[in-house]
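With the first letter of the sequence shown counted as 1, position 76 gets the number 88 in our numbering; the numbers rise by one all the way through. A short worksheet on the structure shown next.
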Amino acid sequence: MAHLGWIGEYEDSPSVFLAENRCGRFESVFGPVRIEHSTSVWLRGMEGAILGLWSSHGEGRFTYRNPNAHESLRNSGQIAVRYVDGDGQPSILYPWNPNGSEDAVAAICSQDGRHLAMMPHSDRSFLSWQWAEYPVDWKTSENHTAPWIKMFQNAYSWVTEERSCYSCGFL
């Protein structure tokens, strides 16, 4: 997405890339993340939620070619998700942050919010049985979806909304 100019654009060049995990090996862990207030259409209505999520990758550390790029993303509300510790605070420490991303960044979005680059796998965490641990009432619920389903519902809602091409920035 960075090479396409959809995310991490800073001074007309891709300034964000995913580097090898600090530990130097593949990680597959289920841990907490916090959804930040951002421009992301995918995460609307989820701001402030702390949810469990699978991370499975060997190269998942958000890295910046230009030191000002990270600050630019933060200042423009494009840091969408952060790894957090057991108290819900952003963490750069292992195992809370399985790849060592600076500022605990787990996801960033484009300025217009349409594109989301997210290293943990919401696609592996939207059904209750996919969670490593979950509330007891989920076990007895008829609804087998987990909170991450909202992300995909948001995407569906966004693409089916009526809007002019001018408001989307396409023309």
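For each residue, glycine too, the CB sits at the ideal point set by N, CA and C. The structure displayed is predicted, hence computed values, not measured ones.
How many angstroms separate the CA atom of residue i from the CA atom of residue j?
i    : j    : result
S169 : S52  : 13 Å
S113 : G60  : 20 Å
A119 : P132 : 8 Å
L105 : H82  : 19 Å
G100 : P107 : 14 Å
H156 : S137 : 11 Å
S68  : W143 : 14 Å
M58  : K162 : 8 Å
N166 : T172 : 10 Å
D135 : R126 : 17 Å
S50  : S103 : 19 Å
N80  : S153 : 47 Å
E39  : N87  : 30 Å
Is the distance from the Cβ of residue i to the Cβ of residue j below 9 Å?
i    : j    : result
V117 : I47  : no
W66  : L128 : no
P44  : G70  : no
V148 : T75  : no
G72  : L139 : no
F42  : E145 : yes
What do you get for residue i, buried or exposed, if any count of 16 or more other CB atoms within 10 angstroms of its CB means buried?
i    : result
N33  : buried
Q90  : buried
R37  : exposed
N109 : buried
N111 : buried
L85  : buried
S122 : buried
G17  : Caution applies to G17, whose pLDDT of 49 falls short of 50 and renders its modelled position unreliable; the value that the coordinates give is listed next. The residue in question, G17, is exposed, as its Cβ has fewer than 16 Cβ neighbours within 10 Å.
W7   : No statement about residue 7 is possible, as the shown extent of the chain runs from 13 to 183 and does not include it.
Who does residue i pair with in a DSSP beta bridge?
i    : result
C121 : L128
F38  : According to DSSP, F38 bridges with nothing at all.
I47  : V93
L139 : T157
P110 : Answer is none; P110 lacks a bridge partner.
A31  : R73
Check for me: the beta strand (DSSP E) holding residue i runs from which residue to which?
i   : result
V92 : The displayed chain sequence assigns Ala, not Val, to residue 92. That run of the beta strand (DSSP E) goes I91 to Y95.
H82 : No beta strand (DSSP E) contains H82, which is instead part of the alpha helix (DSSP H) from P79 to N87.
W66 : I62 to H69
Y76 : R73 to Y76
May I ask which residues mark the beginning and end of the alpha helix (DSSP H) holding residue i?
i    : result
A167 : I161 to T172
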